[in-house]
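Asks: Below: one structure in structure tokens.
In structure tokens, the structure reads:
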């Protein structure tokens, strides 16, 4: 793993992650702290970002409560080679996300277009892919199983989470696509 920066910047990273979390919880999407680290050995040497929750129960600890969110970020303990960022739980707000990858020899964007997966609201990802957000009907439960995983399209619904748009790392950013 690549060491991101000196430990004094962890406080700044925590504040940045918390600010991103506050933005999204204010829009009704539950948030929680996550850790990100670059692994140059992923994807046959192409490199990639490792992601993990920094809460005991992962996305199930996500919240809309601002005070609880601040407590979660304050208590988050990343490893020395990780930065603190914000994760979002789409299923907690009745959304499902198509996580469309362009990496490891896959071009999920081309497949998504062939399938007619709408180019809806979302964000670009650090690896050049996209997260496309869709409203989930209240009566449906959608997990993470994807019939298109082998083509670079994963699903993040009631059983998963995504990196929040607005997250910036030394290895890439999750940038919100205009509404």
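Numbering (my numbering), first residue to last: 8 to 186. The beta carbon of each residue, even a glycine, is placed where N, CA and C say it ideally should be.
Of all the options 41, 69 and 78, which has the alpha carbon lying nearest to the alpha carbon of residue 61?
Replies: Residue numbering aside, residue 61 sits at position 54 when the chain shown is read from its first letter. Residue 61 has its Cα closest to that of 41, out of 41, 69 and 78.
Asks: In whole angstroms, what separates the C-alpha of residue 50 from that of residue 111?
Replies: Here residue 50 corresponds to residue number 43 of the chain shown, with the count starting at 1. Here residue 111 corresponds to residue number 104 of the chain shown, with the count starting at 1. Spanning the two alpha carbons is a distance of roughly 5 Å.
Asks: Look at residue 93 and residue 180 and say whether their C-beta atoms are less than 8 Å apart.
Replies: As a working note, residue 93 is residue 86 in the chain shown. As a working note, residue 180 is residue 173 in the chain shown. Result no, Cβ atoms of residue 93 and residue 180 do not sit closer than 8 Å.
Asks: For the 8 Å Cβ check, are there 3 or more pairs between the region 116 to 131 and the region 72 to 85?
Replies: Verdict: no, contact absent.
Asks: Which of the three DSSP states is assigned to residue 147 in this structure?
Replies: Your numbering for residue 147 matches position 140 in the chain shown. If DSSP states are grouped into helix, strand and coil, residue 147 belongs with coil.
Asks: Starting from residue 31, trace the alpha helix (DSSP H) in both directions and tell me its first and last residue.
Replies: The count along the chain shown starts at 1 and reaches residue 31 at position 24. Its alpha helix (DSSP H) spans residues 16 to 32.
Asks: Measure the C-alpha to C-alpha separation of residue 140 and residue 131 and round it to an integer number of angstroms.
Replies: Residue 140 sits at position 133 when you count from the first residue of the chain shown. Residue 131 sits at position 124 when you count from the first residue of the chain shown. Those two C-alpha atoms are separated by around 11 Å.
Asks: Following the continuous alpha helix (DSSP H) through residue 94, name the residue where it begins and the one where it ends.
Replies: Position 87 of the chain shown, counted from the first residue, corresponds to residue 94. Counting along the chain, residue 94 falls outside any alpha helix (DSSP H), though it belongs to the beta strand (DSSP E) covering 90 to 95.
Asks: Quick check on residue 166: does DSSP put it in helix, strand or coil?
Replies: As a position in the chain shown, residue 166 is number 159, starting the count at 1. Note: residue 166 maps to coil in three-state DSSP.
Asks: Please name the residue or residues paired with residue 70 in a DSSP beta bridge.
Replies: Along the chain shown, one-based indexing puts residue 70 at 63. In the DSSP output, where bridge partners are listed per residue, residue 70 has 38.
Asks: Buried or exposed: where does residue 16 fall if 16 or more other Cβ atoms within 10 Å of its Cβ makes it buried?
Replies: Within the chain shown, residue 16 is the residue found at index 9, counting from 1. Exposed, because fewer than 16 other Cβ atoms sit within 10 Å of the Cβ of residue 16.
Asks: Straight-line CA distance for residue 19 to residue 175?
Replies: Your numbering for residue 19 matches position 12 in the chain shown. Your numbering for residue 175 matches position 168 in the chain shown. Distance between the alpha carbons of residue 19 and residue 175 is about 12 Å.
Asks: Is residue 57 closer than 8 Å to residue 68 when the C-beta atoms are compared?
Replies: Numbered from its first residue, the chain shown carries residue 68 at position 61. Numbered from its first residue, the chain shown carries residue 57 at position 50. No. Outside cutoff.
Asks: Are residue 164 and residue 118 close, meaning C-beta to C-beta below 8 Å?
Replies: Counted from its first residue, the chain shown places residue 164 at position 157. Counted from its first residue, the chain shown places residue 118 at position 111. No, these two residues do not count as a Cβ contact at 8 Å.
Asks: Give me the Cα-Cα distance between residue 137 and residue 158, rounded to the nearest whole angstrom.
Replies: As a working mapping, residue 137 is identified with position 130 in the chain shown. As a working mapping, residue 158 is identified with position 151 in the chain shown. Whole-angstrom Cα-Cα distance: 14 Å.
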